[in-house]
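Okay, so the sequence shown: first residue is 497 according to my numbering, each after it adds one. Just so you know, even glycine gets a beta-carbon here, dropped at the ideal spot from N, CA and C. Shown next, in structure tokens, is the structure this report addresses.
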Amino acid sequence: MIAKTPKWLRYDLPDYHIRRKQKPICIGQKQVWFLLKLTCDESNIKLDTHSDIEFDDWAWVDYWHPIEEVIDFKKPVYEDMLKALAPVLFDNQHKIPSQYSRPLKCVAITLG
Numbered sequence: 497m498i499a500k501t502p503k504w505l506r507y508d509l510p511d512y513h514i515r516r517k518q519k520p521i522c523i524g525q526k527q528v529w530f531l532l533k534l535t536c537d538e539s540n541i542k543l544d545t546h547s548d549i550e551f552d553d554w555a556w557v558d559y560w561h562p563i564e565e566v567i568d569f570k571k572p573v574y575e576d577m578l579k580a581l582a583p584v585l586f587d588n589q590h591k592i593p594s595q596y597s598r599p600l601k602c603v604a605i606t607l608g
């Protein structure tokens, strides 16, 4: 573990995504994000070792790419997380792309 966001990053589900007949009713999420270093071979990554499989694939992508792929209501959380962790990963040598103009909400806490 290299770093983490210092506070919970939250999003609310849009009303049309709330499953009101499902219990408990989920209206959003709060998350703390971690920056991890892979210290083993990629072949050791197994996504199917649990009975409740959440992910079926993974890929290495450009650092800012997840913002473009995630559903719209989660974009602010992804932007806040990537902005917070970028200085740690890039040793303060990385410029945040201009299209991500939201004010910086938090700075990562370096661990270890």
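With a threshold of 6 angstroms on Cβ separation, who are the neighbours of residue i within its own chain once the five nearest residues in sequence on each side are excluded?
i: residue 570; result: 507
Does the Cβ-Cβ distance between residue i and residue j come in under 8 angstroms?
i: residue 497; j: residue 529; result: no
i: residue 552; j: residue 543; result: yes
i: residue 555; j: residue 531; result: no
i: residue 604; j: residue 520; result: no
In this structure, how does DSSP classify residue i when only helix, strand and coil are distinguished?
i: residue 511; result: helix
i: residue 505; result: strand
Buried or exposed, going by whether 16 or more other CB atoms sit within 10 Å of the CB of residue i?
i: residue 606; result: exposed
i: residue 579; result: buried
i: residue 574; result: buried
i: residue 563; result: buried
i: residue 600; result: exposed
i: residue 505; result: buried
Return the chain-ordered list of same chain residues with a C-beta closer than 7 angstroms to the C-beta of residue i, the five sequence neighbours on each side being excluded.
i: residue 592; result: 579, 582
i: residue 546; result: none
Is there a C-beta anywhere in chain B that falls below 8 angstroms from the one on residue i?
i: residue 549; result: Absent from the structure: chain B. Only one protein chain is present.
*asked:* Ignoring anything shorter than 4 residues, give me the alpha helix (DSSP H) runs that lie fully in the segment 514-582, in order along the chain.
replied: For the segment 514-582, whole alpha helix (DSSP H) runs of length 4 or above, ordered along the chain, are 561-565.
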